[in-house]
Amino acid sequence: MSANLQRLQYLLQQYLRDTGTPDELREFWERFAELEEDDPLKKELWLLWQSSAVEDQPEKKDWKNAEQRIREQIATPDNRQSSFITRRIFGRVAAAVIVLLTGAAMYFLVFQKSSVQTAHTEMQSQRFKNDLIPGGNKAVLTLSNGTRILLDSAENGMLLQQGNTKILKQGTGQLAYKTTGPQGKTGNEILFNTLSTPRGGQYKLTLPDGTQVWLNSASSIRFPSAFSGKARDIQITGEAYFEVTHLQAAIGNGKNIPFIVTVNGMKVEVLGTHFNINAYEDEGIIKTTLLQGSVKVIQEDQQQILIAGQQAKLKQDGHLELVKGPDLEEVMAWKNGFFQFQNDSISNIMRQVARWYDVDINYQGNISQLFIGKVPRNVNVSTLLSILESTGWVHFKINGREIIVEP
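In this text, residue positions in the sequence shown follow this note's numbering: the first is -8, and each later residue adds one.
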(Lines of atoms letter the chains of each structure in order from A and count residues from 1; the text may use other names and numbers.)
(Lines give C-alpha, C1' and ligand atoms only; values in the text may rest on other atoms or scores of the structure.)
Protein backbone atom coordinates (compact mmCIF):
# COMPACT_ATOMS: atom_id res chain seq x y z
CA MET A 1 0.00 0.00 0.00
CA SER A 2 1.45 3.40 -1.01
CA ALA A 3 1.95 6.21 1.47
CA ASN A 4 -0.60 8.29 -0.44
CA LEU A 5 -3.16 5.48 -0.19
CA GLN A 6 -2.54 5.04 3.53
CA ARG A 7 -3.00 8.76 4.10
CA LEU A 8 -6.26 8.85 2.17
CA GLN A 9 -7.56 5.89 4.14
CA TYR A 10 -6.63 7.58 7.42
CA LEU A 11 -8.31 10.85 6.44
CA LEU A 12 -11.46 9.01 5.43
CA GLN A 13 -11.57 7.23 8.78
CA GLN A 14 -11.15 10.54 10.61
CA TYR A 15 -14.00 12.05 8.63
CA LEU A 16 -16.37 9.11 9.14
CA ARG A 17 -15.69 8.96 12.86
CA ASP A 18 -16.28 12.70 13.13
CA THR A 19 -12.86 13.04 14.77
CA GLY A 20 -11.01 14.86 12.01
CA THR A 21 -9.57 18.32 12.56
CA PRO A 22 -10.53 21.11 10.14
CA ASP A 23 -7.12 20.77 8.49
CA GLU A 24 -7.59 17.01 8.04
CA LEU A 25 -11.06 17.48 6.55
CA ARG A 26 -9.74 20.16 4.25
CA GLU A 27 -6.90 17.88 3.14
CA PHE A 28 -9.36 15.06 2.40
CA TRP A 29 -11.57 17.21 0.21
CA GLU A 30 -8.61 18.80 -1.52
CA ARG A 31 -7.51 15.30 -2.50
CA PHE A 32 -11.07 14.59 -3.61
CA ALA A 33 -11.05 17.69 -5.80
CA GLU A 34 -7.90 16.44 -7.55
CA LEU A 35 -9.56 13.21 -8.70
CA GLU A 36 -10.12 12.78 -12.41
CA GLU A 37 -13.66 12.39 -13.74
CA ASP A 38 -13.19 8.68 -14.48
CA ASP A 39 -11.40 7.89 -11.21
CA PRO A 40 -12.88 4.75 -9.54
CA LEU A 41 -13.03 6.56 -6.20
CA LYS A 42 -15.28 9.26 -7.61
CA LYS A 43 -17.47 6.64 -9.23
CA GLU A 44 -17.95 4.80 -5.96
CA LEU A 45 -18.71 8.03 -4.10
CA TRP A 46 -21.30 8.89 -6.73
CA LEU A 47 -22.97 5.47 -6.44
CA LEU A 48 -23.07 5.80 -2.68
CA TRP A 49 -24.40 9.35 -2.96
CA GLN A 50 -27.28 8.19 -5.16
CA SER A 51 -28.28 5.47 -2.68
CA SER A 52 -28.05 7.66 0.43
CA ALA A 53 -31.13 8.79 2.32
CA VAL A 54 -31.32 12.51 1.50
CA GLU A 55 -34.97 12.74 0.48
CA ASP A 56 -35.60 15.50 3.00
CA GLN A 57 -32.97 17.64 1.23
CA PRO A 58 -33.62 17.04 -2.50
CA GLU A 59 -31.05 19.58 -3.64
CA LYS A 60 -28.37 17.18 -2.40
CA LYS A 61 -29.41 14.61 -5.00
CA ASP A 62 -27.65 16.81 -7.54
CA TRP A 63 -24.14 15.37 -7.45
CA LYS A 64 -22.61 17.92 -9.82
CA ASN A 65 -23.89 20.91 -7.84
CA ALA A 66 -22.72 19.35 -4.59
CA GLU A 67 -19.30 18.62 -6.05
CA GLN A 68 -19.04 22.19 -7.29
CA ARG A 69 -19.95 23.54 -3.85
CA ILE A 70 -17.20 21.39 -2.34
CA ARG A 71 -14.65 22.79 -4.79
CA GLU A 72 -15.78 26.35 -4.13
CA GLN A 73 -15.54 25.92 -0.39
CA ILE A 74 -12.09 24.38 -0.63
CA ALA A 75 -10.98 27.40 -2.63
CA THR A 76 -11.88 29.74 0.26
CA PRO A 77 -9.39 30.44 3.05
CA ASP A 78 -11.93 29.81 5.82
CA ASN A 79 -11.30 26.31 7.11
CA ARG A 80 -14.24 26.44 9.46
CA GLN A 81 -16.71 27.22 6.69
CA SER A 82 -15.15 24.53 4.49
CA SER A 83 -15.40 21.80 7.11
CA PHE A 84 -18.98 22.84 7.91
CA ILE A 85 -20.06 22.61 4.28
CA THR A 86 -18.39 19.25 3.69
CA ARG A 87 -19.91 17.78 6.83
CA ARG A 88 -23.36 19.06 5.82
CA ILE A 89 -23.07 17.76 2.27
CA PHE A 90 -21.82 14.27 3.13
CA GLY A 91 -23.07 13.87 6.69
CA ARG A 92 -25.72 11.33 5.73
CA VAL A 93 -23.25 9.36 3.65
CA ALA A 94 -21.03 8.70 6.67
CA ALA A 95 -23.43 6.11 8.13
CA ALA A 96 -22.45 3.50 5.52
CA VAL A 97 -19.54 4.21 3.23
CA ILE A 98 -17.99 1.85 0.72
CA VAL A 99 -15.17 3.56 -1.12
CA LEU A 100 -12.78 2.04 -3.61
CA LEU A 101 -9.42 3.58 -2.72
CA THR A 102 -7.42 4.60 -5.76
CA GLY A 103 -4.23 2.78 -6.66
CA ALA A 104 -5.36 -0.63 -5.35
CA ALA A 105 -8.41 -2.85 -5.56
CA MET A 106 -9.50 -2.68 -1.96
CA TYR A 107 -12.51 -1.36 -0.15
CA PHE A 108 -12.94 0.48 3.10
CA LEU A 109 -16.30 -0.41 4.66
CA VAL A 110 -17.79 1.39 7.63
CA PHE A 111 -20.98 0.04 9.12
CA GLN A 112 -23.33 1.47 11.74
CA LYS A 113 -26.85 0.48 12.75
CA SER A 114 -28.46 2.86 10.29
CA SER A 115 -26.67 1.13 7.41
CA VAL A 116 -27.87 -2.27 8.59
CA GLN A 117 -31.46 -1.02 8.53
CA THR A 118 -31.27 0.43 5.02
CA ALA A 119 -28.99 -2.02 3.23
CA HIS A 120 -31.71 -3.94 1.37
CA THR A 121 -33.15 -3.00 -2.00
CA GLU A 122 -36.22 -4.63 -3.51
CA MET A 123 -34.02 -6.70 -5.81
CA GLN A 124 -31.88 -7.89 -2.93
CA SER A 125 -34.95 -8.75 -0.88
CA GLN A 126 -36.18 -10.96 -3.71
CA ARG A 127 -32.84 -12.75 -4.13
CA PHE A 128 -32.40 -13.04 -0.37
CA LYS A 129 -35.95 -14.16 0.42
CA ASN A 130 -34.53 -17.41 1.85
CA ASP A 131 -32.63 -15.48 4.51
CA LEU A 132 -30.46 -17.24 7.08
CA ILE A 133 -30.10 -16.31 10.73
CA PRO A 134 -26.64 -16.00 12.34
CA GLY A 135 -25.03 -18.67 14.45
CA GLY A 136 -25.40 -18.89 18.20
CA ASN A 137 -24.56 -20.82 21.35
CA LYS A 138 -24.57 -24.45 20.21
CA ALA A 139 -22.30 -27.29 21.28
CA VAL A 140 -22.14 -31.00 22.04
CA LEU A 141 -20.28 -32.44 25.03
CA THR A 142 -18.97 -35.97 24.44
CA LEU A 143 -17.98 -37.79 27.62
CA SER A 144 -15.16 -40.31 27.99
CA ASN A 145 -17.66 -43.20 27.71
CA GLY A 146 -19.08 -41.88 24.44
CA THR A 147 -22.24 -40.30 25.90
CA ARG A 148 -23.25 -37.15 24.02
CA ILE A 149 -25.00 -34.19 25.66
CA LEU A 150 -26.63 -31.56 23.46
CA LEU A 151 -25.87 -28.44 25.47
CA ASP A 152 -28.17 -25.97 23.72
CA SER A 153 -31.19 -27.98 24.93
CA ALA A 154 -29.79 -29.03 28.33
CA GLU A 155 -31.09 -27.42 31.52
CA ASN A 156 -28.91 -25.02 33.48
CA GLY A 157 -27.24 -26.47 36.57
CA MET A 158 -25.19 -29.59 37.25
CA LEU A 159 -25.22 -32.03 34.35
CA LEU A 160 -23.22 -34.81 36.03
CA GLN A 161 -20.16 -35.52 38.16
CA GLN A 162 -16.93 -37.25 37.13
CA GLY A 163 -14.83 -38.15 40.16
CA ASN A 164 -14.21 -34.94 42.11
CA THR A 165 -15.33 -32.76 39.20
CA LYS A 166 -18.82 -31.32 38.73
CA ILE A 167 -19.87 -30.46 35.19
CA LEU A 168 -22.16 -27.43 35.17
CA LYS A 169 -24.09 -25.59 32.51
CA GLN A 170 -23.91 -22.09 33.95
CA GLY A 171 -26.03 -20.21 31.45
CA THR A 172 -26.51 -19.56 27.79
CA GLY A 173 -23.40 -20.75 25.98
CA GLN A 174 -21.32 -21.52 29.09
CA LEU A 175 -20.02 -24.82 30.45
CA ALA A 176 -17.84 -25.14 33.56
CA TYR A 177 -15.84 -27.91 35.24
CA LYS A 178 -15.54 -27.42 39.01
CA THR A 179 -13.06 -29.64 40.86
CA THR A 180 -13.38 -30.03 44.63
CA GLY A 181 -10.07 -31.80 45.29
CA PRO A 182 -6.50 -30.61 44.65
CA GLN A 183 -5.22 -30.66 41.09
CA GLY A 184 -1.76 -31.55 39.90
CA LYS A 185 -1.73 -34.86 41.80
CA THR A 186 -0.66 -37.98 39.97
CA GLY A 187 -2.40 -41.31 40.22
CA ASN A 188 -5.95 -40.12 39.54
CA GLU A 189 -7.91 -41.75 36.72
CA ILE A 190 -7.91 -39.41 33.72
CA LEU A 191 -11.25 -39.06 31.91
CA PHE A 192 -11.12 -37.10 28.67
CA ASN A 193 -14.15 -35.19 27.41
CA THR A 194 -14.63 -33.31 24.14
CA LEU A 195 -16.60 -30.12 23.59
CA SER A 196 -17.52 -29.55 19.93
CA THR A 197 -19.27 -26.69 18.18
CA PRO A 198 -21.00 -27.23 14.83
CA ARG A 199 -20.99 -24.79 11.95
CA GLY A 200 -23.12 -21.93 13.23
CA GLY A 201 -22.13 -22.58 16.85
CA GLN A 202 -19.93 -21.08 19.55
CA TYR A 203 -19.39 -21.85 23.24
CA LYS A 204 -17.45 -20.83 26.33
CA LEU A 205 -15.76 -23.42 28.54
CA THR A 206 -14.16 -23.13 31.98
CA LEU A 207 -11.63 -25.92 32.45
CA PRO A 208 -11.02 -27.64 35.81
CA ASP A 209 -8.05 -25.33 36.56
CA GLY A 210 -10.11 -22.18 35.94
CA THR A 211 -8.71 -21.56 32.45
CA GLN A 212 -11.36 -20.04 30.20
CA VAL A 213 -11.74 -21.10 26.57
CA TRP A 214 -13.94 -19.60 23.87
CA LEU A 215 -14.66 -21.93 20.94
CA ASN A 216 -15.50 -20.51 17.54
CA SER A 217 -17.80 -22.34 15.11
CA ALA A 218 -16.79 -25.74 13.69
CA SER A 219 -14.21 -26.25 16.46
CA SER A 220 -13.47 -28.71 19.25
CA ILE A 221 -11.42 -29.11 22.41
CA ARG A 222 -10.44 -32.40 24.09
CA PHE A 223 -9.50 -32.07 27.76
CA PRO A 224 -9.39 -34.06 31.03
CA SER A 225 -12.11 -33.72 33.68
CA ALA A 226 -9.28 -32.96 36.15
CA PHE A 227 -5.65 -32.06 35.54
CA SER A 228 -2.96 -34.29 37.00
CA GLY A 229 0.69 -34.98 36.36
CA LYS A 230 3.38 -32.64 35.13
CA ALA A 231 1.43 -30.90 32.35
CA ARG A 232 -2.06 -29.74 31.46
CA ASP A 233 -2.50 -31.27 28.01
CA ILE A 234 -5.42 -30.51 25.71
CA GLN A 235 -6.07 -30.77 21.96
CA ILE A 236 -8.10 -28.49 19.72
CA THR A 237 -9.36 -28.20 16.17
CA GLY A 238 -10.73 -25.08 14.48
CA GLU A 239 -10.34 -21.86 16.46
CA ALA A 240 -10.18 -21.11 20.18
CA TYR A 241 -9.21 -18.23 22.44
CA PHE A 242 -7.60 -19.02 25.81
CA GLU A 243 -7.18 -17.18 29.08
CA VAL A 244 -4.91 -19.59 30.95
CA THR A 245 -4.57 -19.54 34.74
CA HIS A 246 -1.42 -20.41 36.67
CA LEU A 247 -1.54 -23.81 38.38
CA GLN A 248 1.00 -25.14 40.84
CA ALA A 249 1.67 -28.80 41.54
CA ALA A 250 -0.14 -30.07 44.64
CA ILE A 251 2.89 -32.08 45.72
CA GLY A 252 6.66 -31.75 45.39
CA ASN A 253 8.24 -28.32 44.96
CA GLY A 254 5.01 -26.59 43.88
CA LYS A 255 6.28 -25.62 40.44
CA ASN A 256 3.91 -24.13 37.91
CA ILE A 257 2.33 -26.77 35.71
CA PRO A 258 2.62 -25.88 32.01
CA PHE A 259 -0.49 -25.68 29.84
CA ILE A 260 0.08 -27.38 26.48
CA VAL A 261 -2.22 -27.12 23.47
CA THR A 262 -1.70 -29.59 20.64
CA VAL A 263 -3.16 -28.82 17.21
CA ASN A 264 -2.32 -30.82 14.08
CA GLY A 265 0.97 -31.94 15.63
CA MET A 266 2.05 -28.42 16.63
CA LYS A 267 2.35 -27.61 20.33
CA VAL A 268 1.81 -24.33 22.16
CA GLU A 269 3.24 -24.31 25.69
CA VAL A 270 2.30 -21.67 28.27
CA LEU A 271 2.09 -21.06 32.01
CA GLY A 272 -0.50 -18.31 32.31
CA THR A 273 -1.43 -16.10 29.37
CA HIS A 274 -4.03 -15.00 26.81
CA PHE A 275 -3.76 -16.24 23.23
CA ASN A 276 -5.78 -17.25 20.18
CA ILE A 277 -5.24 -20.22 17.87
CA ASN A 278 -6.78 -20.39 14.40
CA ALA A 279 -6.28 -23.85 12.91
CA TYR A 280 -9.11 -24.47 10.46
CA GLU A 281 -8.07 -27.04 7.88
CA ASP A 282 -9.51 -25.04 4.99
CA GLU A 283 -7.37 -22.03 5.91
CA GLY A 284 -4.18 -23.96 5.13
CA ILE A 285 -2.24 -22.26 7.92
CA ILE A 286 -2.17 -22.31 11.73
CA LYS A 287 -1.95 -18.94 13.47
CA THR A 288 -1.08 -18.58 17.15
CA THR A 289 -1.51 -14.99 18.32
CA LEU A 290 -0.41 -13.82 21.76
CA LEU A 291 -2.25 -11.02 23.55
CA GLN A 292 -0.71 -11.31 27.00
CA GLY A 293 2.16 -13.18 28.64
CA SER A 294 4.52 -15.48 26.77
CA VAL A 295 4.16 -18.76 24.85
CA LYS A 296 6.45 -21.23 23.14
CA VAL A 297 5.27 -22.61 19.81
CA ILE A 298 6.89 -25.91 18.84
CA GLN A 299 6.76 -27.67 15.48
CA GLU A 300 9.09 -30.67 15.29
CA ASP A 301 12.62 -29.19 15.40
CA GLN A 302 11.42 -25.57 15.13
CA GLN A 303 10.24 -23.29 17.88
CA GLN A 304 9.25 -19.66 18.36
CA ILE A 305 8.90 -17.86 21.68
CA LEU A 306 6.22 -15.20 21.41
CA ILE A 307 5.78 -12.07 23.46
CA ALA A 308 2.56 -10.07 23.63
CA GLY A 309 1.55 -8.66 20.24
CA GLN A 310 3.29 -11.34 18.18
CA GLN A 311 2.02 -14.23 16.07
CA ALA A 312 3.44 -17.55 14.89
CA LYS A 313 2.32 -18.93 11.52
CA LEU A 314 2.73 -22.59 10.66
CA LYS A 315 2.55 -22.81 6.87
CA GLN A 316 1.59 -25.77 4.74
CA ASP A 317 5.23 -26.47 3.91
CA GLY A 318 5.93 -26.92 7.64
CA HIS A 319 7.80 -23.64 8.08
CA LEU A 320 7.15 -21.84 11.37
CA GLU A 321 7.22 -18.07 10.85
CA LEU A 322 7.25 -15.24 13.41
CA VAL A 323 4.99 -12.26 12.68
CA LYS A 324 5.52 -9.05 14.62
CA GLY A 325 2.61 -6.64 15.00
CA PRO A 326 -0.40 -8.60 13.67
CA ASP A 327 -3.78 -6.87 13.72
CA LEU A 328 -5.02 -7.98 17.15
CA GLU A 329 -8.44 -6.41 16.64
CA GLU A 330 -8.93 -8.51 13.52
CA VAL A 331 -7.71 -11.66 15.29
CA MET A 332 -10.14 -11.16 18.19
CA ALA A 333 -13.09 -9.89 16.14
CA TRP A 334 -14.90 -13.26 16.19
CA LYS A 335 -14.81 -13.44 20.00
CA ASN A 336 -15.97 -9.83 20.26
CA GLY A 337 -18.94 -10.45 17.98
CA PHE A 338 -17.71 -9.17 14.62
CA PHE A 339 -16.52 -10.16 11.20
CA GLN A 340 -13.47 -8.05 10.46
CA PHE A 341 -11.64 -8.05 7.15
CA GLN A 342 -8.26 -6.51 6.43
CA ASN A 343 -7.27 -6.79 2.78
CA ASP A 344 -9.17 -10.09 2.56
CA SER A 345 -10.25 -11.85 -0.60
CA ILE A 346 -13.90 -12.78 -1.06
CA SER A 347 -12.96 -16.45 -0.60
CA ASN A 348 -11.41 -15.69 2.81
CA ILE A 349 -14.55 -13.82 3.82
CA MET A 350 -16.91 -16.51 2.58
CA ARG A 351 -15.09 -19.24 4.50
CA GLN A 352 -15.99 -17.36 7.67
CA VAL A 353 -19.54 -16.89 6.41
CA ALA A 354 -19.84 -20.63 5.68
CA ARG A 355 -18.78 -21.58 9.20
CA TRP A 356 -20.94 -19.03 11.02
CA TYR A 357 -24.13 -19.35 8.98
CA ASP A 358 -23.73 -23.09 8.27
CA VAL A 359 -23.87 -22.72 4.50
CA ASP A 360 -22.00 -24.00 1.47
CA ILE A 361 -20.40 -21.57 -0.99
CA ASN A 362 -20.65 -21.91 -4.77
CA TYR A 363 -18.45 -19.59 -6.88
CA GLN A 364 -19.69 -18.69 -10.36
CA GLY A 365 -16.80 -16.46 -11.41
CA ASN A 366 -13.62 -14.75 -10.27
CA ILE A 367 -13.58 -11.77 -7.89
CA SER A 368 -10.09 -10.34 -7.44
CA GLN A 369 -10.80 -7.31 -5.24
CA LEU A 370 -9.66 -7.19 -1.61
CA PHE A 371 -12.00 -6.01 1.14
CA ILE A 372 -11.56 -4.08 4.36
CA GLY A 373 -14.50 -3.92 6.74
CA LYS A 374 -16.20 -4.70 10.02
CA VAL A 375 -19.72 -6.15 10.37
CA PRO A 376 -21.54 -7.51 13.45
CA ARG A 377 -21.88 -11.30 13.56
CA ASN A 378 -25.42 -11.11 14.95
CA VAL A 379 -27.06 -9.98 11.69
CA ASN A 380 -28.85 -12.18 9.18
CA VAL A 381 -26.69 -13.29 6.29
CA SER A 382 -28.65 -11.08 3.85
CA THR A 383 -27.44 -7.98 5.69
CA LEU A 384 -23.80 -8.98 5.36
CA LEU A 385 -24.25 -9.94 1.71
CA SER A 386 -26.06 -6.67 0.93
CA ILE A 387 -23.22 -4.66 2.43
CA LEU A 388 -20.66 -6.55 0.38
CA GLU A 389 -22.82 -6.20 -2.74
CA SER A 390 -22.97 -2.43 -2.42
CA THR A 391 -19.33 -2.33 -3.54
CA GLY A 392 -20.59 -3.29 -6.99
CA TRP A 393 -17.89 -5.96 -7.36
CA VAL A 394 -19.69 -9.01 -6.02
CA HIS A 395 -23.26 -10.36 -6.07
CA PHE A 396 -24.97 -13.18 -4.21
CA LYS A 397 -27.94 -15.51 -4.36
CA ILE A 398 -29.25 -17.67 -1.53
CA ASN A 399 -30.43 -21.13 -2.56
CA GLY A 400 -31.41 -23.10 0.53
CA ARG A 401 -28.23 -23.50 2.54
CA GLU A 402 -26.04 -22.53 -0.39
CA ILE A 403 -24.77 -19.06 -1.26
CA ILE A 404 -23.90 -18.45 -4.90
CA VAL A 405 -21.13 -15.88 -5.41
CA GLU A 406 -20.89 -14.01 -8.72
CA PRO A 407 -18.91 -10.99 -10.00
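The beta-carbon is built from N, C-alpha and C at its ideal position, and this holds for glycine as well.
N207 and V322 have their C-alpha atoms some 12 Å from each other. Taking all protein chains in view, the Cβ of E180 is surrounded by fewer than 16 other Cβ atoms within 10 Å, so the residue is classified as exposed. Between the segment 338 to 351 and the segment 307 to 318, the count of Cβ pairs shorter than 8 Å is below three; the stretches do not touch.
In the displayed model, Q343 falls within a helix according to three-state DSSP.
According to the DSSP assignment, S373 belongs to the alpha helix (DSSP H) that extends over 372 to 380. D349 sits in coil when the DSSP states are folded into three classes, being neither helix nor strand. For S210, the secondary structure class from DSSP, reduced to helix, strand or coil, is strand.
Taking a cut-off of 8 Å on C-beta distances, the segment 221 to 232 does not touch the segment 375 to 394, as fewer than three cross pairs fall below it. For the options I337, R368, S144, the alpha carbon positioned closest to that of L379 is the one of I337.
The alpha carbon of P189 has as its nearest neighbour, out of T171, N255, K129, Q161, the alpha carbon of K129. A distance below 7 Å separates the beta carbons of N371 and I124. Note on R223: 16 or more other CB atoms within 10 angstroms of its CB, so buried under the neighbour-count rule. In the three-state DSSP reduction, I337 falls in the helix class (H, G or I).
When E18, R17, K120 are compared, the shortest CA-CA separation from T374 is found for K120. In this structure, DSSP gives R17 a helical state, which the three-state scheme calls helix. Here the C-alpha atom of R139 lies approximately 6 Å from the C-alpha atom of L132. Straight-line spacing of the CA atoms in F214 and N334 works out to 36 Å. In the three-state reduction of the DSSP assignment, D200 falls in the coil class, being assigned neither a helical nor a strand state.
As DSSP reads the structure, W205 sits in a beta bridge with K195, Y232.
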